[in-house]
Every structure is written in structure tokens, then in C-alpha cells.
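**Q**
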Amino acid sequence: FWEKDRHMEAGLFDLFQDRNDLVVVSKLVDQWPFGTSRLGVDSAQWANIDTYNYMVAEEGAEKGREVIHDLSRSIYFRGCELLVTNDEKKMRRTSSKMLKQLKPVPEVLGLIRKFEARHGKLVNRIGVHIRTMSVRDEFKDFDPEREYGLESMERMEYWRSKSSLETFATEMRAQLEADPKATFFVSTDTPHVIGKLKEMFPGKVENMPLDQEQMCERKRDAACLRLALADLLSLSRTKLFLGSNFSSFTSMVLKYGVKAWRRVGIEFATE
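Each residue of the sequence shown is one higher than the one before, counting from 374 in the numbering used here.
In C-alpha cells, the structure reads:
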């Protein structure tokens, strides 16, 4: 199931190439909570599907409800945050395997090829993901407290404050002290951060085209999400990944399989 919403304004095949063995439902006839729709879909049709909804603004949502990893059943998960599971390692392996079976559209792969042709292989760089924009600044068309719940929003704000430019710059300096030849590929939700880092580390910092990233600030349409996917895949190819904690973007990079990683507040800047 892949329905567009304000968190993801792109269809699956806007990002990944079509496959004959993959069935995608882009619009459900039934409505949440399932089995209560007046459109002829009853609860019996969902008997073999375990349903989970973390969208606290929606009726019947159960945010944080544990997702049971059971390959004999199907799962419908609706949420804008990472799921909670009874077997995190197994779920991570399963989702990672499935992710890698999806081939990005040519536009995404073309961005990565163009970057490497100009700046060299990503495997020789350190990847950096800085998720620092305030949740309240990020979304202007809805109330994030109602969308995420007060507890989650405060937790996001805490970790985004930890993912500051200064904190990452300190870690990047430490990496350069260990290897003066090190270079960085940077992805961020705040475009001016890249300009600041390029001033601080001349000749050491590169990114996807800055004009495109500025154009995509606070946007989640198909074109911008293709750029985000190119960033994500690029970070996953780096030799060391410096990520932001409590970020689904950083978590996706880890699922794609980076060689080594350090997260702010966990492996560095722990005070």
C-alpha cells in the first residue's frame, strides 16, 4: 500500500522503477479504522492482515503499538515515524533486504552518477546528515503537535537541537585530525548549513546541486523526494556516515547498509 499524503507527496514509481512482481495499491477503498467503511469493505477481508496506525491525529490510532514480526501474516502500517517491533534486528534485516530489491528511477541514479563523475567516488568520502530544522518551522500547513503528539514532537525538537551545525563541525574537525585528506558529502534539511560548512572546510565539502536543495526546502513533492532519495543512497555509499539521531532519514541510510556510522548524541557529542 502506498498512498500519497502531506508527508510523502510522491507515488512509489516516482521514486523506484516498476516491477512485474510488485503489486502496488495507491488508494484504499476502505477507510481507517478498517471495517467501518460504508463502501462495502468489511472487517472479514482484513482477517489475515495485522493493521497498525501511528498517526495520532487519526481516529483509532495506537502510536507505539508493537508490530509483531510474523512472516505468516501480512502487515498494514500507517505512520510518519519508525515502527516499534518485537524483533528489531529481524525486522531491520527484512526491510533492508526488501529496500535493496527496489531499483531507483533513472533520474535518481543519474544524479549520483553525475556527482561521482565530477567529485569522485562516494566510497572515498565521509557522509554527513544534519537534521536540524525545528519541527514548527518545517511544516506551515498543519499543527505538528496534533500530527505527531506532544511527546514525540518534543523528542524530535530535542534531537534536532542536538544536531546543530556546530556539533557536526566539531566531529568533522576530529575526522580531519585523524585523516587530513578526508572529504565529506553533506545532506541537510537546512540548505544554508552547507554554505557555512564550505566556508569552514574549504575544498572538503560537497553536496547535490545547492540550487535544487534550496528549491526543495520544506517541500515533499516527487521531484524533491527524488533528490532526497539520491542524497540517501549517496550517504549509504560513503565509507563512514555521521548521522542525526531520532531521524527516519538517518535510519533509512543505515538500512541501506553503510560500512560504519556514528550518530550525534549516541556515538559522538554524547554530553
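The beta-carbon is built from N, C-alpha and C at its ideal position, and this holds for glycine as well.
Every value quoted in this text rests on a predicted model; they were computed, and no experiment measured them.
Measuring CA to CA, which of R593, L472, R504 is closest to S537?
**A** The residue given as residue 537 occupies position 164 in the sequence shown. That would be R504, whose Cα lies nearest to the Cα of S537.
**Q** Helix, strand or coil, according to DSSP, for L495 in the structure here?
**A** Taking the first residue of the sequence shown as position 1, residue 495 is located at position 122. Reduced to three states, the DSSP call for L495 is helix.
**Q** What would DSSP say about G561, mapped onto helix, strand or coil?
**A** For the purposes of this step, residue 561 is taken as residue 188 along the sequence shown, with counting starting at 1. Per the sequence presented here, residue 561 reads as Thr, with Gly not at that position. Note: T561 maps to strand in three-state DSSP.
**Q** Could you pull out every residue in the same chain whose Cβ sits closer than 7 Å to the Cβ of G522, ignoring the five residues on either side in sequence?
**A** The residue you call residue 522 lines up with position 149 of the sequence shown. So the qualifying residues of the chain are V429, K436.
**Q** Measuring only the C-alpha atoms, how far is R636 from N618?
**A** As a working mapping, residue 636 is identified with position 263 in the sequence shown. As a working mapping, residue 618 is identified with position 245 in the sequence shown. Computed Cα separation, rounded: 6 Å.
**Q** Which residue spans inside the stretch 537-616 form an unbroken beta strand (DSSP E) run of at least 3?
**A** Whole beta strand (DSSP E) segments, 3+ residues: 557-561, 613-616.
**Q** Of the choices D516, L495, R446, whose alpha-carbon is the least far from that of R379?
**A** For this step, residue 379 is matched to residue 6 along the sequence shown. If we check each option's Cα against that of R379, D516 comes out closest.
**Q** Taking the continuous alpha helix (DSSP H) assigned at T467, which residues delimit it?
**A** Here residue 467 is taken as the residue at index 94 of the sequence shown, counted from 1. Unbroken alpha helix (DSSP H) run through T467: 461-474.
**Q** Return the first residue and the last residue of the alpha helix (DSSP H) that F622 is part of.
**A** To locate residue 622, count along the sequence shown from 1; it is residue 249. Here the alpha helix (DSSP H) through F622 covers 621-629.
**Q** Measuring alpha carbon to alpha carbon, tell me which residue in F622, V626, S620 is nearest L613.
**A** Numbered from its first residue, the sequence shown carries residue 613 at position 240. Comparing Cα-Cα distances from L613 to each of F622, V626, S620, the minimum goes to V626.
**Q** Anyone know if the C-beta pair for R533 and S507 falls short of 8 Å?
**A** Against the sequence shown, residue 533 aligns to sequence position 160. Against the sequence shown, residue 507 aligns to sequence position 134. Against a cut-off of 8 Å, the Cβ pair of S507 and R533 comes out as a contact.
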